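> Numbered by the numbering used here, the letters in the sequence shown go through residues 2 to 801 in order.
C-beta atoms are modelled at their ideal positions from N, C-alpha and C, and glycine is treated no differently.
Computed from a predicted model, the values in this text were never measured in an experiment.
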Amino acid sequence: MSSPWSRRSFLRLSGTTVLLGSVSSAGVLASAGDAFAVDAYDTLRLKWRDMVLGTGFDPAAAPFAQKLALLGTQASEVRSTMAAVSGSLWPDLPLTVSSSITGSYARLATMAQAHAQPGTGLTGSTALAEEIRTGLDHLYNQAYNPSKSQFGNWWDFQIGSPQILLDITTVLYDQLSATQIANHLAAVDKFVPDSSVTSYTGTSTGANRVDLCRSLALRGVLGRSDAKITLARGALSPVFPFVTSGDGFYADGSFVQHNYLAYTGSYGAVLLGGLASLFSLLSGSAWAVGDTNRQIIFDSVEGSFAPFLYNGLMMDAVSGRSTSRGNPRSNTYGFQGGDHGRGHGVLSSIALLGTAASSAENQRWRGLVKGWIQRDYYSPVLTDTDLGIAALARLKAVQDDSAVTAIAEPTAHRIFPGMDRAVHRRPGWAASLSMASKRMGFYETGNGENLRGWHAGAGMLQWWGDTYANGQYTDAFWATVDPYRLPGVTVSKKALADAEGGAWGLPRPDVNWVGGATDGEYAAIGQFVRGLSSTLYAKKSWFCLADSIVCLAGAVRGTDGAAVETVVDNRNLGAAGTQALTVNGTAQSAALGWSATLTGTNWAQIAGHGGYVFPGGATVKALRQARTGSWHDVNTGGTTDPITRRYLTLWIDHGVDPVDAACVHILMPGATTAATAARAAATGWLTVLANDNDQQGITVPSLGVTAVNFWFAGTVGTLTADNPACVLVREHGDGTATLCVSDPMRMRDALKIIWNRPVASVISKPATVTSATTGSALTLTFGDLTGKAGATQEIEVVLG
Numbered sequence: 002m003s004s005p006w007s008r009r010s011f012l013r014l015s016g017t018t019v020l021l022g023s024v025s026s027a028g029v030l031a032s033a034g035d036a037f038a039v040d041a042y043d044t045l046r047l048k049w050r051d052m053v054l055g056t057g058f059d060p061a062a063a064p065f066a067q068k069l070a071l072l073g074t075q076a077s078e079v080r081s082t083m084a085a086v087s088g089s090l091w092p093d094l095p096l097t098v099s100s101s102i103t104g105s106y107a108r109l110a111t112m113a114q115a116h117a118q119p120g121t122g123l124t125g126s127t128a129l130a131e132e133i134r135t136g137l138d139h140l141y142n143q144a145y146n147p148s149k150s151q152f153g154n155w156w157d158f159q160i161g162s163p164q165i166l167l168d169i170t171t172v173l174y175d176q177l178s179a180t181q182i183a184n185h186l187a188a189v190d191k192f193v194p195d196s197s198v199t200s201y202t203g204t205s206t207g208a209n210r211v212d213l214c215r216s217l218a219l220r221g222v223l224g225r226s227d228a229k230i231t232l233a234r235g236a237l238s239p240v241f242p243f244v245t246s247g248d249g250f251y252a253d254g255s256f257v258q259h260n261y262l263a264y265t266g267s268y269g270a271v272l273l274g275g276l277a278s279l280f281s282l283l284s285g286s287a288w289a290v291g292d293t294n295r296q297i298i299f300d301s302v303e304g305s306f307a308p309f310l311y312n313g314l315m316m317d318a319v320s321g322r323s324t325s326r327g328n329p330r331s332n333t334y335g336f337q338g339g340d341h342g343r344g345h346g347v348l349s350s351i352a353l354l355g356t357a358a359s360s361a362e363n364q365r366w367r368g369l370v371k372g373w374i375q376r377d378y379y380s381p382v383l384t385d386t387d388l389g390i391a392a393l394a395r396l397k398a399v400q401d402d403s404a405v406t407a408i409a410e411p412t413a414h415r416i417f418p419g420m421d422r423a424v425h426r427r428p429g430w431a432a433s434l435s436m437a438s439k440r441m442g443f444y445e446t447g448n449g450e451n452l453r454g455w456h457a458g459a460g461m462l463q464w465w466g467d468t469y470a471n472g473q474y475t476d477a478f479w480a481t482v483d484p485y486r487l488p489g490v491t492v493s494k495k496a497l498a499d500a501e502g503g504a505w506g507l508p509r510p511d512v513n514w515v516g517g518a519t520d521g522e523y524a525a526i527g528q529f530v531r532g533l534s535s536t537l538y539a540k541k542s543w544f545c546l547a548d549s550i551v552c553l554a555g556a557v558r559g560t561d562g563a564a565v566e567t568v569v570d571n572r573n574l575g576a577a578g579t580q581a582l583t584v585n586g587t588a589q590s591a592a593l594g595w596s597a598t599l600t601g602t603n604w605a606q607i608a609g610h611g612g613y614v615f616p617g618g619a620t621v622k623a624l625r626q627a628r629t630g631s632w633h634d635v636n637t638g639g640t641t642d643p644i645t646r647r648y649l650t651l652w653i654d655h656g657v658d659p660v661d662a663a664c665v666h667i668l669m670p671g672a673t674t675a676a677t678a679a680r681a682a683a684t685g686w687l688t689v690l691a692n693d694n695d696q697q698g699i700t701v702p703s704l705g706v707t708a709v710n711f712w713f714a715g716t717v718g719t720l721t722a723d724n725p726a727c728v729l730v731r732e733h734g735d736g737t738a739t740l741c742v743s744d745p746m747r748m749r750d751a752l753k754i755i756w757n758r759p760v761a762s763v764i765s766k767p768a769t770v771t772s773a774t775t776g777s778a779l780t781l782t783f784g785d786l787t788g789k790a791g792a793t794q795e796i797e798v799v800l801g
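As structure tokens, then:
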């Protein structure tokens, strides 16, 4: 039996950072010196049970009956192979490997769930309970007790194993002796001592700190220790405030873990789930979390998480190495993963967090969650077999609540300078952009995971439709995609080794100019791209507009003796997809293995996906292929089962060792052939003002947009900058205009922007603007921008 446990895979069993809960209210280990009544601890323990096992659901009704039956089957399977011998509890999980200790506890947790929950076929089985107790004693004696020393991955000893052990101890509380309970708590004390939260540094930050506090709190509940619960509550406080570097939430909504990695969708999701559990557990008790900074966590629901949730999925751009964990449904005990799987867990956490928030926040969040549930047609939330019963009950209650109105996806743009990410949302579709800089790693590998994510930070542009293409990156994408041809990137084809550059966000490009400016609807974004372990050099710009994204690559260079490409798109067509490709009005071959060099391409359209326009024409290469891979190829813990998916790839070939190559295309998600052809025929719709090493800029008169990324000072069209900057101008139909300016390099202590356009007056400006001169032109003088962390400075004016 195979069980490839990743660091956080077992957390998906419940949809929060908690696995199990108790089934009784018996009390042990009370001391005469306790400051609180015995019932206070029992109340928390029973509350924990309700939170995790779920309440208010019908075990005979869908989806619960199916989930409970599956749980019983899973428990029976692991039960049948359990064999307590020296060195292991299961033959395939040697206790000399730290992850096998966590994996062994996780299998016992599955058995305990089946014992505690109704309708599993094993509910209340005395034989099963005895087997679980035997397994617990065996792990205590062999691997996890106060006399043992930590080895292997620290996480297994300090987070993975203790969390599951404490949950099992809770669920079997009545059926464990006082000695057994004391033994388990002593083991937790050894590996999660009070000192683990003394200093907010190292592995005790962000999501890891919340996980440690979770173990301390539950250990306090089970051991009736006021001191432990109080310590856990207080140790949460360093997680709340905004940070300006390293791990945590940033004022712009970014969430970073491992110092240099965008991690809202993975570590951030774990942190959210952990805090939701602890806030909810302790609310109304003597240990309620009262730190006023906890409001930052409540605000993160819409400031940090919602922007990356789209119709139930959590975008890959902020999910780090967890993208390589896949969704191996053939493995009963594996981690579903995938963008939809990650998203469903976050929905459950938001619903739980609402129970500790204000009534207004809770009602709005339930509206958001209901909308995401209703719109996830690709992977319906309530049929996700990897969600635990409690999570399913919580989400079904939201779905069935007639007092809750589903909230639609917004039309908006968000830039997250703190983690080099951006999200563009328009009616009918959404897109995300992943970049890298001195502040943010190319990608993350570690623990044998995400071995080929090398180019994810090279301007990867992913997009989804509202009723189409939502399985694009869920359906074995990361196991089968060509890792040198991620959508939107400009890359060198120089061969790279698995885990190239080093683990935990170590590889970062030596560049500062990465970021952009936005008015909240449109945006100008730029990235100075340097290759991972290559000489690749390029300037990339994305101008995010009403129905499209204009993509520029300029100053493309390389000296590695390798081809350099800009990937227009790489669409996953599924296991048997034959979606038509139309180029300049002519249908192309649907045969697998077809490839072509398409000269004079003005536009292309992929049926059921969208359109691509190439202003002025371009030579585009196309390939339709079937690619076979496995999750093990990209993650050593993944299954080796071969998977084949079909891809349709479009790219611009800059040749071997190009010198200042350039290209431009317009991405139009969801566009039909007619809409794509019409845009290509409207040659005046877009003017590319510059696309070179110094500046990149465009103007779209029909939208009133002029936007320029100034890599160096200069003049482009009507805009002049005396230093590197990003500028977005939007003229409105009411005689006003908005100028959005940013300092992506975070190095400007002075900046002057001139717009050569008559301006009558300035309506509003930020304090960073020290002077604004109007008349035949607008001159804006900015003071010190170094402390603004790349944030947009917005100025409103009345046109002359």
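Taking D138 as part of the alpha helix (DSSP H), name the residues at either end of that continuous run.
Taken as a continuous stretch (DSSP letters only), the alpha helix (DSSP H) holding D138 covers T127 to Q143.
> Which residues bound the beta strand (DSSP E) around K149?
Segment: none, K149 is in no beta strand (DSSP E) and carries neither H nor E.
> How many angstroms separate the CA atom of G801 from the CA atom of G776?
About 7 Å.
> Work out the CA separation of Y264 and A33 for me, nearest whole Å.
Unreliable positioning characterises A33 in this predicted model, as indicated by a pLDDT of 32, which lies under 50. The coordinate reading is nonetheless provided below. Straight-line Cα distance between these residues: approximately 45 Å.
> With three or more beta-carbon pairs closer than 8 Å as the criterion, would you say the region 354-362 touches the region 274-290?
Segments in contact, yes.
> Drop a sphere of 10 angstroms on the beta-carbon of H666, count the other beta-carbons inside from all chains shown, and report buried for 16 or more, exposed for fewer.
It counts as buried.
> Assign G618 to buried or exposed, taking buried as 16 or more other Cβ atoms, counted over all protein chains shown, within 10 Å of its Cβ.
Its Cβ having fewer than 16 others within 10 Å, G618 is exposed.
> If you check the beta carbons only, do L137 and L109 fall under 8 Å apart?
Taking 8 Å as the Cβ cut-off, L137 and L109 qualify as a contacting pair.
> Looking only at C-alpha atoms, which of A457, L310, F544 and S596 sits nearest to G521?
For G521, the nearest C-alpha among the options comes from F544.
> Leaving out five residues on either side along the sequence, give the residues of the same chain with a beta carbon under 6 Å from the beta carbon of L237.
The answer, listed in chain order, is C214.
> Considering A726, what are the terminal residues of the alpha helix (DSSP H) in which it resides?
From DSSP, A726 is part of no alpha helix (DSSP H) but of the beta strand (DSSP E) over A726 to E732.
> Among residues of its own chain, excluding the 5 on either side of T579, which ones have a beta-carbon nearer than 6 Å to its beta-carbon?
Answer for T579: A591, listed in chain order.
> Tell me the residue span of the beta strand (DSSP E) that contains L276.
Premise fails: L276 lies in the alpha helix (DSSP H), Y268 to L283, not in any beta strand (DSSP E).
> Please report the distance separating the alpha-carbon of T620 from that of T567.
Each residue's Cα considered, the two are about 12 Å apart.
> To the nearest angstrom, how far is it from the Cα of L729 to the Cα of I526?
So the alpha carbons of these two residues sit roughly 9 Å apart.
> Can you tell which of G442, D483 and K541 has the C-alpha that lies nearest to the C-alpha of R625?
Nearest C-alpha to R625: D483.
> Between the region 429-445 and the region 377-394, can you find at least three pairs of beta-carbon atoms closer than 8 Å?
No, the region 377-394 does not touch the region 429-445.
> The beta strand (DSSP E) that contains H666, what's its start and end?
Unbroken beta strand (DSSP E) run through H666: A662 to P670.
> Please state whether DSSP places E522 in a helix, a strand or coil.
If DSSP states are grouped into helix, strand and coil, E522 belongs with coil.
> Expressed to the nearest angstrom, what Euclidean distance is found between the alpha-carbon atoms of A361 and I298?
Rounded to the nearest angstrom, the two C-alpha atoms are 15 Å apart.
> Which whole-angstrom value is the C-beta distance of I754 and T737, which I expect to be below 8 Å?
Not confirmed; about 17 Å, so no contact.
> Residues in its own chain within less than 8 Å of A1 by CB, not counting five upstream and five downstream?
An answer regarding residue 1 cannot be provided, because it is not within the stretch 2 to 801 covered by the chain.
> If I follow the unbroken alpha helix (DSSP H) through H633, where does it start and stop?
From DSSP, the alpha helix (DSSP H) with H633 extends over W632 to V635.
> Please classify G291 as buried or exposed, where buried requires at least 16 neighbouring CB atoms within 10 angstroms.
By the neighbour-count rule (16 or more Cβ atoms within 10 Å), G291 is not buried but exposed.
> Under three-state DSSP, which class holds W430?
Three-state DSSP puts W430 in a strand.
> According to DSSP, simplified to helix, strand and coil, what is E78?
Here E78 sits in helix by DSSP.
> Have a look at S693 and S350 and give me their C-alpha separation to the nearest angstrom.
At residue 693 the sequence reads Asp, which differs from the Ser that was named. Straight-line Cα distance between these residues: approximately 46 Å.
> Between which residues of its own chain and A85 is the CB-CB distance below 8 Å, once the five residues before and five after are set aside?
Counting only Cβ-Cβ distances below 8 Å, and skipping sequence neighbours, we find T135, G136 and H139.
> From L54 to V222, what does the alpha carbon distance come to, in whole angstroms?
C-alpha separation (whole angstroms): 17 Å.
> Taking the C-alpha atoms as reference points, what is the distance between D317 and A183?
Straight-line Cα distance between these residues: approximately 42 Å.
> Using the C-alpha atoms, what's the distance from C552 back to M461?
Distance between the alpha carbons of M461 and C552 is about 12 Å.
> When the distance is taken between beta carbons, is V742 closer than 8 Å to A518?
Against a cut-off of 8 Å, the Cβ pair of V742 and A518 comes out as a contact.
> Where does K540 fall in DSSP's three states?
The answer is strand: DSSP assigns K540 an E or B state.
> To the nearest angstrom, report how far apart S267 and G342 are at their CA atoms.
So the alpha carbons of these two residues sit roughly 11 Å apart.
> Under 8 Å between the Cβ atoms of W455 and S325?
Against a cut-off of 8 Å, the Cβ pair of S325 and W455 comes out as no contact.
> Roughly how many angstroms lie between the CA atoms of Q164 and Q181, to the nearest whole one?
Cα to Cα, the separation comes out at about 16 Å.
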